[in-house]
């Protein structure tokens with residue numbers, strides 16, 4: 001290996017160590033006794049313990065951490081199903097069908113791409129309150145089934161446009177209707193876009209804090225981020241180790257998604273500017 | 001899907017590029033509306049309806065439990081006498097003005113470092129991107145706060161080199177800077193976009209300049225930077241709009257009052273506090289519209305200045 005290559009690797013790794021230090025530190029910290037976490041810079045615990053995880057798994061307020069994991073999972077899975085389905089349908093209409101008002105509606109969709117959601121939440125909250133849907137998952141999921149995240153509709157449109165029209169035409173000749181063309185031709189070929197949408201939706205839903213914060217009030221229904229915040233409020237200082245362990249556990253699914261799908265994630269960002 | 005540099009600003013003005021020559025098929029009309037029906041419902045019920053309503057509510061006194069009462073421009077006028085609102089504007093403005101350039105500079109630096117044909121680039125790119133996925137989570141805000149408390153990792157490391165700041169989390173002078181660093185830590189997403197842009201810079205240009213005796217810095221200033229300026233603009237736009245909307249990290253670090261001493265009272269935090277703790281929903285709606293106005297004006301401003309410094313190859317300029 002050339003000297004310049006060695007120097008390059010050394011330089012990159014040095015920067016990477018600084019960037020990844022917080023993650024490595026917190027994982028190490030979860031195996032240290034509570035009192036030894038804050039001031040301890042070292043990455044190796046002197047007296048390794050799994051006590052933090054044992055207490056974290058017990059959960060809090062009489063609710064086990066499994067419950068919070070389950071809630072997060074339900075929300076994330078339903079979000080993925082809703083977003084993928086509704087965005088793919090809308091994407092097909094915008095990319096493949098010609099109908100009156102398409103141009104105007106497409107422009108409308110684009111203009112909501114960067115709209116701060118703050119101008120929407122107050123009336124949404126008021127309506128959900130009138131419908132007695134506060135403290136249910138409906139407000140958190142309805143938008144997912146109605147393609148409210150314009151980014152993903154845009155992603156689908158962009159991708160479906162690249163699929164050759166000849167394929168639709170031959171399906172037409174074989175007697176396939178719009179649904180048949182969509183289901184048998186377009187969807188299978190749009191798999192990369194579907195996967196990218198699914199992964200990002202899962203991670204965003206998993207990390208979402210604001211939605212659950214305003215809509216949920218029963219701890220039994222809390223997803224992990226909200227449970228963590230409750231834990232901070234209730235146990236600040238008293239059981240630091242368990243708090244760190246719970247934080248790490250909450251990140252595990254996202255990290256797994258990253259490890260398995262990092263190609264889709266990185267490609268998704270570089271081609272569409274999707275945020276992490 | 002564009003396969004090269006992101007082209008959102010350009011796409012945004014375009015129409016869906018269907019084949020223009022193709023005749024409208026019978027049945028397309030109905031099928032179009034059917035396939036689009038979830039989106040149409042969503043845009044009406046969850047976007048346009050709420051937008052009109054919140055604009056109306058912003059001119060009312062509304063507390064969720066009583067009927068809205070028309071007060072004209074009162075909510076908007078009151079903001080400018082509201083010390084906490086002014087504070088939240090100040091905090092957010094400082095954050096956007098500092099965090100965005102810091103994050104983009106870090107992202108560009110790492111992208112330049114990674115931009116070559118050596119083995120391992122893909123791995124490093126993914127490794128730097130990782131933090132972007134978890135940076136805005138509650139977990140990471142908790143970790144960040146732990147790193148920056150009194151006598152914790154950062155404090156000790158700084159003391160070792162003779163800098164005594166104490167913990168940053170409870171220190172009004174440093175609490176916002178700590179969140180700026182948390183923002184910069186998520187440099188991965190813009191870095192990946194920079195890297196995609198850097199790959200498009202023709203090697204021949206660099207070689208020619210090199211032959212002409214241009215140094216590294218000169219080539220960066222005169223070739224690389226102009227060539228990637230569309231990507232710089234794209235990142236700048238996206239990161240600016242996102243920075244205005246930071247919520248989770250600030251809430252975990254500073255709570256609904258922006259502790260310590262209101263130094264982390266972000267605009268979105270104050271909006272949440274007025275709307276969902278005090279249920280001053282008329283006032284909170286007015287705040288939301290001021291946010292939209294602010295973000296809109298900044299976006300417009302960025303697009304205006306872009307004409308001067310964003311270079312699209314193929315332009316006749």
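Residue numbers (full-length UniProt numbering), protein chains in the order written: chain A, 1 to 276; chain W, 1 to 317. Backbone N, C-alpha and C fix where the C-beta goes; we use that ideal spot for every residue, glycine too.
- Alpha-carbon to alpha-carbon, residue 115/A and residue 19/W: Position 19 of the second chain holds residue 19/W. Position 115 of the first chain holds residue 115/A. Residue placement at residue 19/W cannot be trusted, given a pLDDT of 47 that sits under 50; what the coordinates show is reported in the next sentence. When only Cα atoms are considered, residue 19/W and residue 115/A end up about 29 Å apart.
- Message: Any contact between the region 198-211 of chain A and the region 133-153 of chain W? By contact I mean 3 or more CB pairs, one from each, below 8 Å.
- Response: They touch, by the three-pair rule.
- Members of the region 255-283 of chain W that neighbour chain A once the beta carbon cut-off is set at 8 Å: Under the 8 Å Cβ criterion, the region 255-283 of chain W contributes 268, 271, 272, 275, 276 and 281.
- residue 5/A by DSSP, collapsed to three states: which one? On the first chain, position 5 is the one that residue 5/A refers to. Collapsing the DSSP output to three states places residue 5/A in a helix.
- Task: Identify the continuous alpha helix (DSSP H) that holds residue 71/W and give its terminal residues.
- Result: Counting from 1 along the second chain, the entry for residue 71/W is found at position 71. Where residue 71/W is concerned, there is no enclosing alpha helix (DSSP H), because DSSP gives it neither an H nor an E.
- Pick helix, strand or coil for residue 214/A, following the three-state DSSP scheme. Counting from 1 along the first chain, the entry for residue 214/A is found at position 214. Looking at residue 214/A - three-state DSSP - the assignment turns out to be helix.
- residue 21/W in three-state terms, based on DSSP: If you number the second chain from 1, residue 21/W lands on position 21. Because the pLDDT at residue 21/W is just 42, under 50, the model does not fix this residue reliably, and the point stays unresolved.
- Message: Following a CB-centred definition, is residue 84/A positioned closer than 8 Å to any heavy atom of the ligand NAD?
- Response: Because no ligand of any kind appears in the structure shown, any question about the ligand NAD cannot be addressed here.
- Task: Measure from the C-beta of residue 264/A to each C-beta in chain W and report whether the shortest distance is under 9 Å.
- Result: By one-based count along the first chain, residue 264/A stands at place 264. Using a Cβ-Cβ cut-off of 9 Å, residue 264/A does not count as an interface residue toward chain W, since no Cβ of chain W sits closer than that to its own.
- Item | Alpha-carbon to alpha-carbon, residue 67/A and residue 149/W | For the purposes of this step, residue 149/W is taken as residue 149 along the second chain, with counting starting at 1. For the purposes of this step, residue 67/A is taken as residue 67 along the first chain, with counting starting at 1. Computed Cα separation, rounded: 30 Å.
- Message: Please return the same chain residues whose Cβ sits closer than 7 Å to the Cβ of residue 257/A, not counting the five positions on each side in sequence.
- Response: Translated into positions along the first chain, residue 257/A becomes position 257. The beta carbon of residue 257/A sits closer than 7 Å to the beta carbons of 199, 202 and 203 from its chain, once the five residues preceding and following it are set aside; these are given in chain order.
- Quick one: is residue 180/A near chain W, going by C-beta distance under 9 Å? The count along the first chain starts at 1 and reaches residue 180/A at position 180. Output row for residue 180/A: interface = no.
- Would you check if the distance between the CB atom of residue 215/A and the CB atom of residue 123/A is smaller than 9 Å? Indexing the first chain from 1 puts residue 215/A at position 215. Indexing the first chain from 1 puts residue 123/A at position 123. No, these two residues do not count as a Cβ contact at 9 Å.
- Item | Contacts around residue 29/A, its chain only, beta-carbon distance under 6 Å, and the 5 residues preceding and following it disregarded | Here residue 29/A is taken as the residue at index 29 of the first chain, counted from 1. Residues of the same chain with a CB within less than 6 Å of the CB of residue 29/A, apart from the 5 flanking positions on each side, are 37 and 244 in chain order.
- Could you have a look at residue 263/W and say whether DSSP puts it in helix, strand or coil? Here residue 263/W refers to the residue found at position 263 when the second chain is read from its first residue. If DSSP states are grouped into helix, strand and coil, residue 263/W belongs with coil.
- In terms of residue numbering, what span does the alpha helix (DSSP H) encompassing residue 153/W cover? Stepping through the second chain from its first residue, residue 153/W is reached at position 153. Counting along the chain, the alpha helix (DSSP H) containing residue 153/W begins and ends at 153-160.
- Cut-off 7 Å between Cβ atoms - residues of its own chain near residue 69/A, not counting five sequence neighbours on either side: By one-based count along the first chain, residue 69/A stands at place 69. Counting only Cβ-Cβ distances below 7 Å, and skipping sequence neighbours, we find 224.
- Starting from the beta carbon of residue 50/W, find every residue of chain A whose beta carbon is closer than 7 Å, and list them in chain order. Mapped onto the second chain, residue 50/W falls at position 50. Correct list: 120, 123 and 124.
- How would you call residue 131/A, buried or exposed, if buried means at least 16 neighbouring beta carbons within 10 angstroms? The count along the first chain starts at 1 and reaches residue 131/A at position 131. Residue 131/A counts as exposed, since fewer than 16 other C-beta atoms from the protein chains shown sit within 10 angstroms of its C-beta.
- Query: From residue 230/A to residue 104/W, what does the alpha carbon distance come to, in whole angstroms?
  - Reply: Walking along the first chain from the start, residue 230/A turns up at place 230. Walking along the second chain from the start, residue 104/W turns up at place 104. When only Cα atoms are considered, residue 230/A and residue 104/W end up about 33 Å apart.
- Query: Near residue 159/A, what residues of its chain come up, given a Cβ to Cβ distance below 6 Å and the 5 sequence neighbours on each side ignored?
  - Reply: Here residue 159/A corresponds to residue number 159 of the first chain, with the count starting at 1. Cβ neighbours of residue 159/A within its own chain (closer than 6 Å, five residues either side excluded): 190 and 193.
- Message: Using the Cβ count rule (16 or more neighbours within 10 Å means buried), how would you classify residue 181/A?
- Response: Locating residue 181/A in the first chain gives position 181, counting from the first residue. Residue 181/A should be labelled buried.
- In the structure shown, what three-state DSSP assignment does residue 63/A receive? Along the first chain, one-based indexing puts residue 63/A at 63. In the three-state reduction of the DSSP assignment, residue 63/A falls in the strand class.
- Query: So, is the C-beta of residue 82/W closer than 9 Å to a C-beta in chain A?
  - Reply: The count along the second chain starts at 1 and reaches residue 82/W at position 82. For residue 82/W, the answer is no, since every Cβ of chain A falls outside 9 Å of its Cβ.
- Item | Buried versus exposed call for residue 116/W [16 or more other C-beta atoms within 10 Å across all chains shown] | Taking the second chain and counting its residues from 1, the one referred to as residue 116/W is at position 116. Result: exposed.
- Apart from the five residues just before and just after residue 21/W, which ones in its own chain have a Cβ nearer than 8 Å to its Cβ? Position 21 of the second chain holds residue 21/W. Its pLDDT being 42, under 50, residue 21/W is placed unreliably in this model, and the value from its coordinates should be taken loosely. Contacts found: none.
- Item | Nearest-angstrom beta carbon gap, residue 288/W and residue 178/A [assumed within contact, 8 Å] | Mapped onto the first chain, residue 178/A falls at position 178. Mapped onto the second chain, residue 288/W falls at position 288. With 8 Å as the limit, residue 178/A and residue 288/W do not qualify as a contact, their Cβ atoms being about 39 Å apart.
- Item | Cα-Cα separation, residue 183/A to residue 153/A | Reading the first chain from its first residue, position 183 is the one you call residue 183/A. Reading the first chain from its first residue, position 153 is the one you call residue 153/A. Taken atom to atom, the span from the alpha-carbon of residue 183/A to that of residue 153/A is near 17 Å.
- Would you say residue 191/A reaches chain W, if we count a Cβ-Cβ gap shorter than 9 Å as a contact? Translated into the one-based positions of the first chain, residue 191/A becomes position 191. Contact with chain W is absent for residue 191/A, since none of that chain's Cβ atoms lies less than 9 Å from the residue's Cβ.
- Query: What does a CB cutoff of less than 6 Å around residue 282/W pick up in its chain, not counting 5 residues either side in sequence?
  - Reply: Mapped onto the second chain, residue 282/W falls at position 282. Listed in chain order, the non-local C-beta contacts of residue 282/W below 6 Å within the same chain comprise 57, 60, 61, 62 and 75, local neighbours out to five positions each way being set aside.
- Verify whether the separation of the beta carbon atoms of residue 50/A and residue 197/A is less than 9 Å. The count along the first chain starts at 1 and reaches residue 50/A at position 50. The count along the first chain starts at 1 and reaches residue 197/A at position 197. It is not a contact, given that the beta carbons lie outside the stated cut-off.
- Consider the Cβ of residue 305/W: report whether some Cβ of chain A lies at a distance smaller than 9 Å. Start at 1 with the first residue of the second chain, and residue 305/W comes out as number 305. The Cβ of residue 305/W sits no closer than 9 Å to any Cβ of chain A.
- According to DSSP, which residues form a beta bridge with residue 60/W? Stepping through the second chain from its first residue, residue 60/W is reached at position 60. Answer is 70/W.
- Query: If residue 266/A sits next to residue 113/W, beta carbons under 8 Å apart, how far is it from one beta carbon to the other, in whole angstroms?
  - Reply: Counting from one through the first chain, the residue named residue 266/A turns up at place 266. Counting from one through the second chain, the residue named residue 113/W turns up at place 113. Going by Cβ atoms, the distance from residue 266/A to residue 113/W rounds to 17 Å, so no, they are not a contact pair.
- Item | Under 9 Å (Cβ pairs) to chain A, residues found in the region 25-36 of chain W | Hits within the stretch, in order: 25, 27, 28, 29, 30, 31, 32, 33, 34, 35 and 36.
- So which residues of chain A does residue 245/W contact, with C-beta pairs closer than 9 Å? To locate residue 245/W, count along the second chain from 1; it is residue 245. Close partners of residue 245/W in chain A (Cβ separation under 9 Å): 116, 117 and 118.
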